[in-house]
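Taken in sequence, the protein lines are chains A and B. As numbered in our numbering, the first sequence has no gaps in its residue numbers, which increase by one up to the final residue, 265. As numbered in our numbering, the second sequence has no gaps in its residue numbers, which increase by one up to the final residue, 611. For each residue, glycine too, the CB sits at the ideal point set by N, CA and C. The model shown is predicted, which means the values in this text are computed figures rather than measured ones.
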Amino acid sequence: MEKLRVLVIEDEADQADELKLFLEKGGYTVCGIADNLTEGLGLFYALKPDLIVADIYLKGKPEGILFAERMGENMNTARPLIFLTQHADFETFSQAKLVSPYSYLLKPFNPLELQYAIELAIEKFAVQPGGLSVKENALFMEESLFVKHKQSLIKIPVSNIEYVEVDGKYCKINAREGSFLVQLSLVKMEEKLPAHYFLRIHRNYIINLNEIRQIHLTDNQVILSDERALPVSHTYKDILMKRFDVLR
Amino acid sequence: MLLFTTDQESSTSLHRKALAYLAESCEDESTCHQVEELTALFQTGDFDKAHEILVPEYDQCKGEKCLLLSLLRAKIFYEKSLIRRAIEEYKVALTLRDELGPPYYGAFAIEPVLASLLLEEEAFSTAIHYLRPWVERYSENNGGDYYHNLGIAYLHLKKFDSSAFYFEKSIGIEMEMSDTLGLAISYMDMANLYYEQYLDDQAIPYFQKGLDYALLAQDPAVLRNAYLNMAVVEENRGDLKKALGYRKEYEQVQATLWSRDKVWEMAEKEKAYEVGIREREITILEQQEQVKNAELSRQRWQIKAYLLASVLLLILVGVVAAGYRMVSRSNKQMAAQKRVLEQMDTAKNRLFSIVAHDLKAPVRSLQRSQQKMAAAASARDKETLFALATENGTLLNATQNLLNNLLQWSLDQTNQVHLVRESIVAGRLIGQVLYDYEPMFRERGIELVTDFSADAVVSVDIQSMKIVLRNLLDNALKFTPPGGRVSISTAMQEDEVIIALEDNGCGMGPEVLSQLFEVSQEKIQAGTDGTTGTGLGMILCRAFVSRNGGSIEVESQVGQKTIVTLKLPRAKEA
């Protein structure tokens, strides 16, 4: 299980400590703390965090905003971001139209508010409004699946997913990290998972082709690396065989 | 001297017949009316007008109607002395009749009429061409005129045998009908026939017979001709005495004819004179009428001018009235606005005094407690010190809430609150606020029960709703005694989300309840923890809830319970 790595940019030490405490209690890793723009950018490029929490004002200068602007210049490396703001600055902040691409957190805040801000930041970044906070409990962003798990968010690299199976209305994801119930339909999963190494083999299963160890044609089964056997239905068998021609 | 009878009566009967046929076959009211009008015009002899009516009809006729209209047209031409055109028209009518078939041949005897016109125009052979076949077919039971006309035509063509034959026939018929005038003319024509061939001996008895019948017929014109003929014949024969006698008779008849013509002329002149007088009268009347009309139009213009002037005046009055009303309305509006402003100003002033009082009280308490703490510190009385510190904490909390509310309220009043609508599960929003209150509830021994619907998603500005929820939780905490219970629930109702916050605290009486959302000194209420409330929180709550498109309701029973119900807009499914 991979914890989300968070970079904190905050100039007041006690507030940075409180934030770190909240984040770690919430199941996140704080990979670095910076107290100015230069250090913040340096750590950002060096550590490649999953998420940034940045105070808008550092030493009285709007360096948090500058950080967001510099990060936003390259959309390939940009990450979800949460602005920390004092109540008094909130009006200026909300009028600066920064709410839309990023999330914000009003001081003082409690862990629940922090968690909500994190979910919102990821949703907004992935342009899937409500994807985590309202409708579902998981969303795909780039090569990872973010899943809400025990009041926290975890990140599962898509390549770690072994197979997906239907569980009632939703799906169970079986990954190296473990199994997670995800409020997404199998159809949606099929859409989101990279088609070049994920394949539907049954109305109930999508499989990671890299995880297949054996294919039993007579039994209509595939055997995964962990010895688990999954059924292959007639409808999908031909497609599966074609894919293996290519892979060989 | 040749006389031939023009067949007036037959022509007349043709157009009468045509009119009768038209009257019979008219279909709707307007065409029937037209036929009546035509009949009247033919009777009065106004052929110009009749022609005017006919022309458009003639252009769009069919079958029988064409024949009838054509006959009427021919008659009109004849009456206007346009003989050649009449002839042409009769020829057209003839063709039309023949197209229609045998039943019409007998009914419309066009040929004799046409022939008589042709004779007038001296187109004798053409006349014969039309008349002879018809006469041979139909004339047996008709008058001798047709034979006579044929005879004359042949006579003119110097075909004396044929001429004599038809004259004989004519005479035969006339004898039968005792038509003395016809006989007179026929005999004379017969005489002329022989006379033309220099067969005077045969001619003279006919002339004599013509004279005899002319005397019987008593037609001056024919008689005159008879006498003249006899005079000429006798003169040529050399019997001058007889000739002179006849000549005298001739002159006498001629004189009576002239005098008759004179009488006619006189009558005509008299008539013309009278007509002149009438016309003058009419002219005078017309002039009078013109004068009257001019007067009338002058009056009409006057009336129009008056009308225009009065309309303009009315508009002016309307404009003035509207202007006056607008002014008075804006005055009223200004007065109303002034009243509202005054009320608001009073409310604000009252609020200031409340806030001042509310701030003064805790500060004074803190001051007192500060002195006590100093005394306790010097006495090293740890227990008292601790109790005082806890008390101060509560006081500071209440004061901070008051200050927060005051800040929010002033922001709201100056329109500085910027609302951003977001979708959030209502339970989660409440949970975030509740997180900070849970320890306080626990500390005061108040049970907290929540029942949140996972699907109740609201669309609100999160920050302002948090302020509302904090105020409501503050109140619940403040007015619920230890051991009490506070329950919060969310539910969906159509396109709204209902948040209900119920406590079994001290509650409110109807008077307090009615003034809950108003700014007044009277409603200050003591909490169960010893603090007082200004009610600013509730005013703020209502302001923010309505800004979020929701509503707030409070019901309460003294000593039993208070239920606050928020209705907030539900987020639309994405």
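query: Distance between beta carbons of B:Ala413 and B:Leu422, contact taken as under 8 Å; result: 5 Å
query: Counterpart residues of B:Thr527 in DSSP-defined beta bridges; result: B:Ile536
query: Closest Cα partner of A:Tyr62 within the set A:Leu83, A:Arg96 and A:Asp31; result: A:Arg96
query: Beta-carbon gap between B:Lys604 and B:Ser588 smaller than 8 Å; result: yes
query: Simplified DSSP state of B:Thr599, which is helix, strand or coil; result: strand
query: Straight-line gap, B:Glu590 to B:Leu573 (C-alpha atoms, nearest Å); result: 16 Å
query: Test item: CB-CB of B:Leu444 and B:Met502 under 8 Å; result: no
query: Residue from B:Arg121, B:Glu548 and B:Met529 whose Cα sits closest to the Cα of B:Ala608; result: B:Met529
query: The stretch 467-479 of chain B: positions lying closer than 7 Å to chain A by Cβ; result: Gly468, Gln469, Tyr472 and Asp473
query: Within 8 Å, strictly: CB atoms of B:Ile600 and B:Glu539; result: yes
query: Which listed residue (B:Val364, B:Leu506 and B:Glu379) has its alpha carbon closest to that of B:Phe581; result: B:Leu506
query: Contact residues within the stretch 492-516 of chain B, judged by C-beta distance below 8 Å to chain A; result: Val494 and Gln500
query: Length of the line joining the Cα atoms of B:Gln407 and B:Gln437; result: 18 Å
query: Local Cβ density within 10 Å of B:Phe389, reported as buried at 16 or more and exposed below that; result: exposed
query: A:Cys188, DSSP secondary structure in three states; result: strand
query: Cβ-based burial, A:Gly81 [other Cβ within 10 Å; buried from 16]; result: buried
query: Close-in-space but distant-in-sequence residues of the same chain around A:Leu137 (CB under 7 Å, 5 per side omitted); result: Ser120 and Ser150
query: Sequence-distant residues of the same chain with beta carbon closer than 7 Å to B:Thr43, five excluded per side; result: The predicted position of B:Thr43 is uncertain, since its pLDDT is 42 and thus under 50; a value taken from the coordinates is nonetheless stated next. Correct list, in chain order: Ser153 and Glu157.
query: Contact with chain A by B:Arg584, beta-carbon distance below 8 Å; result: no
query: Residue environment, B:Lys28, which counts as buried when at least 16 other CB atoms sit within 10 Å; result: Summary: the structure shown does not reach residue 28 of chain B, with chain B confined to residues 38 through 611, and so no result is reported for it.
query: Distance, B:Leu91 Cα to B:Gln327 Cα; result: 33 Å
query: Cβ-based neighbour list, B:Ser47, same chain, cut-off 7 Å, excluding 5 preceding and 5 following; result: With a pLDDT of 47 at B:Ser47, under the threshold of 50, the modelled position of that residue is not reliable, and the figure given next carries that caveat. Once the five neighbours on either side are set aside, the close Cβ partners of B:Ser47 are Ala146, Pro149 and Val150.
query: Residue-level contact to chain B via CB, A:Val164, 8 Å cutoff; result: no
query: Residue from B:Leu194, B:Val269 and B:Met214 with nearest C-alpha to B:Met225; result: B:Val269
query: Against chain B: residues of the stretch 133-151 of chain A by CB proximity under 9 Å; result: Tyr133, Leu137, Pro146, Gly147, Ser150 and Val151
query: Host alpha helix (DSSP H) of A:Pro174 (start-end); result: Counting along the chain, A:Pro174 falls outside any alpha helix (DSSP H), though it belongs to the beta strand (DSSP E) covering Ser169 to Pro174.
query: Nearest-angstrom Cα separation, counted from B:Lys128 out to B:Arg122; result: 10 Å
query: Per-residue contacts from B:Ser460 into chain A (C-beta, under 7 Å); result: Gly147 and Val151
query: Proximity of A:Leu156 and A:Gln145 at Cβ, strictly below 8 Å; result: yes
query: B:Leu281, DSSP secondary structure in three states; result: helix
query: Any C-beta of chain B under 8 Å from that of A:Leu210; result: no
query: Inter-residue spacing [alpha-carbon to alpha-carbon] between B:Ser62 and B:Arg317; result: 44 Å
query: Collapsed DSSP secondary structure at B:Pro139 in the structure displayed; result: helix
query: Residue-level contact to chain A via CB, B:Arg362, 8 Å cutoff; result: no
query: Distance, B:Leu350 Cα to B:Gln339 Cα; result: 16 Å
query: Same chain only: Cβ atoms within 7 Å of B:Ile499, ignoring 5 sequence neighbours per side; result: Glu459, Ile461 and Leu466
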